Amino acid sequence: DGGITQSPKYLFRKEGQNVTLSCEQNLNHDAMYWYRQDPGQGLRLIYYSQIVNDFQKGDIAEGYSVSREKKESFPLTVTSAQKNPTAFYLCAVRDRGTEAFFGQGTRLTVV
Amino acid sequence: KQEVTQIPAALSVPEGENLVLNCSFTDSAIYNLQWFRQDPGKGLTSLLLIQSSQREQTSGRLNASLDKSSGRSTLYIAASQPGDSATYLCAVTRTGANSKLTFGKGITLSVRP
């Protein structure tokens, strides 16, 4: 939404492969979040970052990794340790407790 | 641990009906509550944000209320239209301005012409 760009829109992963999902924002917001959405499960938090060079695990961090080297970028890597990665991944940003805004998502499928 | 519940999971109404979507949460120590809309295969669109000190917010045909003491929020949609068909999610932020959002599973609304 607005200044949040998630890419790619669709991603296919082979067994045992690491893949990286991109989330970029030009809203100059401090906080960024990664959520996973599965049918019937709602949104579950993977990782979040409140400032550059700092991030915290969410509820389902196992098998995922992140970095926050720049304020604008918060990439998510889905590692081979994530046994069931097929899902819809959503990135969100927020500034000082204001509205959270979401990107358009990346649909990851294991082939 | 904060838990957010939205019941029912699905709702079907005829066009023109006024309707209320419910959201309940277990921990009243919240910073704010936000309502979102999600169309199939898309990201979330923010509808309304209510800070913990507020009782309600309005935007067009939408009105959201917050009762922290009872752990409840409602989203009121006036004069529903087929274009309102979507999934509606609520999310709460616990104390801490940029701490995580905890989501309900959403209510899938279908407005019949």
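Listed in order, the protein sequences are those of chains A and B.
Just so you know, we're using the numbering used here here: the first sequence kicks off at 1 and counts up by one.
Just so you know, we're using the numbering used here here: the second sequence kicks off at 1 and counts up by one.
C-beta: ideal position from N, C-alpha, C; glycine also.
Please read these numbers as outputs of a predicted model, since none were measured by experiment.
Cβ-Cβ distances below 8 Å link residue 110/B to 10, 11, 12, 13 and 85 in the same chain, with the five nearest sequence neighbours on each side left out; the list follows chain order.
Taken atom to atom, the span from the alpha-carbon of residue 5/A to that of residue 32/A is near 12 Å.
For residue 12/A, the closest Cβ of chain B is not nearer than 8 Å. Under DSSP, the beta-bridge partners assigned to residue 112/B are 14/B. With respect to the 8 Å criterion, residue 76/B and residue 35/B are not classified as neighbours on the basis of their beta carbons.
Within the DSSP secondary-structure output, residue 60/A pairs in no beta bridge. DSSP places residue 3/A in the coil class of the three-state scheme, outside both helix and strand. With a threshold of 8 Å between beta carbons, residue 80/B makes no contact with chain A. For a Cβ distance threshold of 8 Å, residue set 42 and 43 of chain B lies close to residue 104/A, ordered along the chain. Inclusion of residue 23/B and residue 65/B in the CB contact set at 8 Å is not warranted, their separation being larger than that value. Residue 38/A carries a strand assignment under DSSP once its states are collapsed to helix, strand and coil. Residue 75/A and residue 113/B have their C-alpha atoms spaced approximately 42 Å apart. By the C-beta density criterion, residue 20/A is exposed, having fewer than 16 other C-beta atoms within 10 angstroms. A distance below 8 Å between beta-carbons, with the five flanking residues on each side excluded, links residue 29/B to the following residues of its chain, in chain order: 94 and 95.
A residue is called buried when at least 16 other Cβ atoms come within 10 angstroms of its Cβ; residue 7/A does not meet this threshold and is exposed. Beta bridge pairing from DSSP links residue 61/B with no other residue. Taken atom to atom, the span from the alpha-carbon of residue 73/A to that of residue 16/B is near 43 Å. The beta carbon of residue 109/B does not come within 8 Å of any beta carbon belonging to chain A, so the residue lies off that interface.
In the DSSP assignment, residue 19/A falls within the unbroken beta strand (DSSP E) covering 19–25.
CA-to-CA, the gap between residue 108/B and residue 42/A works out to about 12 Å.
Across the structure, residue 54/A and residue 18/A are spaced so that their CA atoms are roughly 22 Å apart. When beta bridges are read from the DSSP output, residue 107/B appears opposite 88/B.
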